[in-house]
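Take a look at the structure set out below.
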Amino acid sequence: FRYKPTKAKQVQDRVKKLEKMEIIQVPQEKKTVHFNFVQPPRTGDAVASLAGITKHFGEKHVYDGLDLTLYRGEKVALVGPNGAGKSTLLKMVAGVLEPDAGSVTYGAHVEVSYFAQHQLEELYAGNTVFEELDRVAPGWTISQVRTLLGAFLFQGDAVEKRVGVLSGGEKCRLALAKMLVAPAPLRCL
33 FRYKPTKAKQ VQDRVKKLEK MEIIQVPQEK KTVHFNFVQP PRTGDAVASL
83 AGITKHFGEK HVYDGLDLTL YRGEKVALVG PNGAGKSTLL KMVAGVLEPD
133 AGSVTYGAHV EVSYFAQHQL EELYAGNTVF EELDRVAPGW TISQVRTLLG
183 AFLFQGDAVE KRVGVLSGGE KCRLALAKML VAPAPLRCL
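Take 33 as the starting number for the sequence shown in the numbering used here and just add one per residue.
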């Protein structure tokens with residue numbers, strides 16, 4: 033086309049028009065997750081209390097005589113270097129890991145929900161995204177399940193994808209959605 037003498041002028045005209053055109057950048061639409069927590073039943077003032085907690089891993093003393101009380105409405109972030117015991121404390125608060133000494137007690141009407149990396153392994157690869165959430169949401173309507181999935185960016189045909197083909201980020205979103213189905217006043221993430 034461009035090497036034919038009869039079409040060369042046409043090609044040159046188009047090249048000039050393209051050079052004069054302004055390039056428009058289409059802004060990328062950022063998708064965000066929107067959801068509301070299901071309201072858990074009201075708890076007592078103290079949600080969790082740790083008394084005299086001691087935890088050792090071999091020769092390493094992670095905690096020795098730790099006392100801590102978490103109150104209703106508090107939001108706590110654990111910040112520190114690797115190996116400081118952040119995950120260990122979180123697991124003890126959630127009841128996943130037993131302290132060597134001391135006690136962990138929960139207030140009235142406290143249900144604990146814990147999110148960890150191993151939860152991705154608990155997803156059933158053969159289920160669709162919809163089936164995976166639906167199996168932990170007894171009594172929910174199809175519309176309610178789809179609404180929660182939509183809030184976690186699983187929309188349209190994405191709810192029919194098999195869990196086994198999801199990316200790591202999609203699996204994390206699905207596991208988090210599953211955790212949020214049940215109302216729990218103490219969420220450990």
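Even glycine gets a Cβ: it sits at the ideal position worked out from N, Cα and C.
Computed from a predicted structure; not experimentally measured.
**Report entry** Sequence ranges, beta strand (DSSP E) only - wholly within the segment 69-142, length at least 3
**Finding:** 78-89, 92-103 and 133-138
Query raised in the report: Buried or exposed: V111, going by 16 or more other Cβ atoms within 10 Å of its Cβ?
Result: For the purposes of this step, residue 111 is identified with residue 79 of the sequence shown, where counting begins at 1. Exposed, because fewer than 16 other Cβ atoms sit within 10 Å of the Cβ of V111.
Query - Length-filtered (3 minimum) beta strand (DSSP E) runs lying within the segment 135-204 - result: 144-146
Query raised in the report: Which of helix, strand or coil does DSSP assign to L218?
Result: In the sequence shown, residue 218 corresponds to position 186, counting from 1. DSSP places L218 in strand when its eight states are reduced to three.
Query raised in the report: How big is the Cα-Cα spacing for R46 and A190?
Result: Stepping through the sequence shown from its first residue, residue 46 is reached at position 14. Stepping through the sequence shown from its first residue, residue 190 is reached at position 158. Whole-angstrom Cα-Cα distance: 41 Å.
**Report entry** Other residues of its chain near H88: CB distance less than 6 Å, five sequence neighbours each side excluded
**Finding:** Along the sequence shown, one-based indexing puts residue 88 at 56. Cβ within range, chain order: D132.
Query raised in the report: When the Cα atoms are used, what is the spatial distance from S119 to I174?
Result: Your numbering for residue 119 matches position 87 in the sequence shown. Your numbering for residue 174 matches position 142 in the sequence shown. When rounded, the distance between both Cα atoms is 36 Å.
Query raised in the report: What is the DSSP secondary structure of M53, reduced to helix, strand or coil?
Result: Taking the sequence shown and counting its residues from 1, one reaches residue 53 at position 21. Coil at M53, not helix or strand.
Query raised in the report: Under a Cβ-count criterion, where at least 16 other Cβ atoms within 10 Å of its own Cβ denotes burial, should D166 be classed as buried or exposed?
Result: Translated into positions along the sequence shown, residue 166 becomes position 134. It is buried - the Cβ of D166 has at least 16 other Cβ atoms within 10 Å.
Query raised in the report: Considering only residues of the same chain and omitting the five flanking positions on each side of A83, which have a CB-CB separation below 6 Å?
Result: As a working note, residue 83 is residue 51 in the sequence shown. The residues are D99, G134 and S135.
**Report entry** Supposed close pair G76, G139 - CB separation, criterion 8 Å
**Finding:** Taking the first residue of the sequence shown as position 1, residue 76 is located at position 44. Taking the first residue of the sequence shown as position 1, residue 139 is located at position 107. About 4 Å; that satisfies the 8 Å criterion.
Query raised in the report: Contact check, P72 vs A209 under 8 Å by CB: the rounded distance?
Result: As a working note, residue 72 is residue 40 in the sequence shown. As a working note, residue 209 is residue 177 in the sequence shown. Not a contact, Cβ separation roughly 17 Å.
Query raised in the report: How would you label A80, buried or exposed, when you count the other beta carbons within 10 angstroms and need 16 or more for buried?
Result: For this step, residue 80 is matched to residue 48 along the sequence shown. With 16 or more Cβ atoms within 10 Å of its Cβ, A80 is classed as buried.
Requested in this report: For I56, count neighbouring Cβ atoms within 10 angstroms of its own Cβ and tell me buried if that reaches 16, exposed if not.
Outcome: Translated into positions along the sequence shown, residue 56 becomes position 24. Result: exposed.
Query raised in the report: If we call anything under 9 Å between Cβ atoms a contact, is T160 one with V195?
Result: Here residue 160 refers to the residue found at position 128 of the sequence shown. Here residue 195 refers to the residue found at position 163 of the sequence shown. Taking 9 Å as the Cβ cut-off, T160 and V195 qualify as a contacting pair.
**Report entry** As assigned by DSSP and simplified to three states, the class of Q60
**Finding:** Locating residue 60 in the sequence shown gives position 28, counting from the first residue. Correct three-state label for Q60: coil.
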